[in-house]
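Okay, so here's the structure we're looking at.
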Amino acid sequence: MTHGRVEDAWGSGECAGEEIERDHVSDSVPLRHRLAWDGMLGEHGGRHSERFHPEAWRQLSRTARDLDRLGREFHPSGEERPLEWIGDIGVKHCKPGWHRFGLAFDLSRVSWKGTYCDMNAHWRDGADRSDRLRYLAVLCLCRCHFGVVLHGRNDPDGSHANHVHLDRSRHANRLSEGHLSDQTLVHMAANEYLGADLIVGGGWGEGTERSYRTMLDRLGLADRGLEPREGGDRFRVMLRLLARTAFQGAELGDHRV
Ligand SMILES: [Zn+2]
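According to my numbering, the sequence shown is numbered sequentially starting from -4.
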């Protein structure tokens, strides 16, 4: 299957739509292409350009600003670790799906000063916990700006073990129990922080609901009546708190509303 919802118009493999060419996101964060492998880790070349739909570039730039803030304010060392570059394996491809419009982005790495997150290596069971948590933090900030986030644990077509796919095929922003981009983040966080043993992407049952409510409680959302299922702004509050907690290696509840 292709990414996102497929309709007849999407079946075409021709590149289409408005486009801009950029070798950076946000003000000046370079894009670098993954070219090779060093074991499990992607190796990236120098700064390069990709073609984007302007809307996807804008959303990616917002994501980059959030990642930069995360590095500057919440690195476990207490030092400022600005975002240095973003790795990718492609934006506009002439193939069926959102990529043909430049509306999807394939993320391979996030590099801050002195630290990074590799989208192939760091979600796996064998990864260090701190690496897994940094991956979770990246996913949470991506979900703030992209409706669909496919990754190693949300991989409907088996192609996302080595990159994170972001697209705008879904504009609804509130947390949706049945939407795997949302459900998998809740499961991953519950398993990491609450000792839950939920199957990631295995459905929203009683166990998920219980863990989710505990999470809202610890993050201070419950006290304030902020329910992420009721609005995108509330969901983004939850995602940003989870991202800070995970990136910093803090405990759930150290960062509250
Ligand atoms: Zn993709």
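We put the CB at the ideal spot given by N, CA and C, even for glycine.
- Task: Figure out for me which residue from Trp80, Gly66, Leu65, Ser7 has the closest Cα to the Cα of Leu26.
- Result: Trp80
- Query: Under 8 Å, do Gly147 and Trp118 count as touching if we go by C-beta distance?
  - Reply: yes
- Message: Short of 8 Å in beta carbon distance, which residues of its chain neighbour Arg235, apart from the five on each side in sequence? Order them along the chain.
- Response: Asp61, Cys135, Leu136, Cys139
- Bounding residues of the alpha helix (DSSP H) (the contiguous stretch that carries Cys139): 124 to 140
- Message: Does the beta-carbon of His48, which I'm using as the reference point, lie nearer than 7 Å to any heavy atom of ligand 1?
- Response: no
- For Arg219, does the count of other Cβ atoms within 10 angstroms reach 16, so buried, or fall short, so exposed? exposed
- Taking Cβ to Cβ, would you say His28 is nearer than 8 Å to His43? yes
- Item | C-alpha gap between Leu30 and Ser103, whole angstroms | 10 Å
- Skipping 5 residues on each side, what residues in its chain have a beta carbon closer than 6 Å to that of His250? Leu236, Arg239, Thr240
- Message: For the alpha helix (DSSP H) containing Leu55, name the first residue and the last one.
- Response: 49 to 69
- From which residue to which residue does the beta strand (DSSP E) around Ser106 run? 99 to 107
- Message: Give the list of continuous alpha helix (DSSP H) stretches no shorter than 4 residues that lie fully inside the segment 144 to 195.
- Response: 175 to 188
- Task: Report all residues from its chain with a CB closer than 6 Å to the CB of Gly294; omit the five preceding and five following residues, and keep chain order.
- Result: Only positions -4 to 252 of the chain appear in this structure, which leaves residue 294 out of reach.
- Select from Phe141, Tyr111, Arg67 the residue whose C-alpha is nearest the C-alpha of Arg127. Tyr111
- Message: Give me, in chain order, the residues of the same chain whose beta-carbon lies closer than 7 Å to that of Glu74; leave out the 5 immediate sequence neighbours on both sides.
- Response: none
- Pick from Val20, His174, Pro223 that is closest to His196, judged by C-alpha positions: According to the sequence shown, residue 196 is Gly rather than His. Residue His174 is the option with its Cα nearest to Gly196.
- Three-state secondary structure assigned by DSSP to Ala31: strand
- Query: Cβ of Gly142 within 8 Å of Cβ of Arg165?
  - Reply: yes
- Item | Which of helix, strand or coil DSSP assigns to Arg46 | strand
- Query: CB-CB under 8 Å to Lys87, same chain, minus the five flanking residues each way: which ones, in chain order?
  - Reply: Cys10, Glu14, Glu45, Arg46, Phe47, His48, His94, Arg95, Phe96, Gly97
- May I ask you to list the residues that DSSP assigns as paired with Glu38? Ala31
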